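Written below as structure tokens is the structure these notes are about.
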Amino acid sequence: METDLTVLIIENNQIISVRLAEILSEVNEIGLVLKADDFIKAQILLSSRKVDVILLCIHISDAEILELVTICNYDQPCSLIILSNHPQNFYKEKYKYLGLNYWIDKANDFDLIPQLIDQITKDTTKQLGSRL
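Adding 15 to a residue's 1-based position in the sequence shown gives its number in our numbering.
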């Protein structure tokens, strides 16, 4: 099964954004990588394109996180991965109730992103298969 995922990177640091795009270019399942350097640009992209995975790398307000979760859960189902400089369990637990199960420590786990996307692809394929 050929899968061409569209991934949206929300990151305001150009160096990190470019590095993420390089990492993602190595993932066979990814067909297109989009970038936004702030939440408003991300909203514009999300309103005009179907996105399969969002990599959220910037600090945004709780209200904006809720809006992204709403988009991912209802408007256009997609997976939301949080990349954070704050690996403390407080943040993970704070957002886990919203269904944010994908959390990457920006400093230590950057290279795990391709494996996580591969796992998301497999999980999505299984879910689709069980619906048929």
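All C-beta atoms, glycine included, are put in the ideal place defined by N, C-alpha and C.
Source: prediction; values computed, not measured.
The beta carbon of Ala-51 lies closer than 6 Å to those of Ile-25, Ala-57, Leu-60 in the same chain, with the five residues before and after it left out.
Put simply, the segment 78 to 88 does not touch the segment 34 to 52. Fewer than three CB pairs are less than 8 Å apart. Per DSSP, the unbroken alpha helix (DSSP H) holding Leu-81 starts and ends at 77 to 85.
In this chain, Lys-65 is not harboured by any alpha helix (DSSP H), its DSSP state being neither H nor E. For Thr-21, same chain residues with a beta-carbon under 7 Å away, outside a window of 5 residues either side, are Gly-46, Leu-47, Leu-49, Arg-64, Lys-65, Val-66, Asp-67 in chain order. Excluding residues up to 5 positions away in sequence, Ile-97, Lys-107 lie with their Cβ nearer than 6 Å to the Cβ of Trp-118 in the same chain. Remark: C-beta atoms of Asn-100 and Ala-122 approach each other more closely than 8 Å.
Here the alpha carbons of Leu-127 and Ile-30 stand approximately 18 Å from one another. For Asp-53, the three-state secondary structure derived from DSSP is coil. Linking Asp-53 to Asp-138 through their CA atoms gives a straight-line distance of about 29 Å. The shortest C-alpha to C-alpha distance from Cys-72 to any of Ile-135, Arg-34, Lys-111, Leu-113 is the one to Arg-34. Residue environment: Ser-76 is assigned as exposed (fewer than 16 neighbouring CB atoms within 10 Å of its CB, all protein chains considered).
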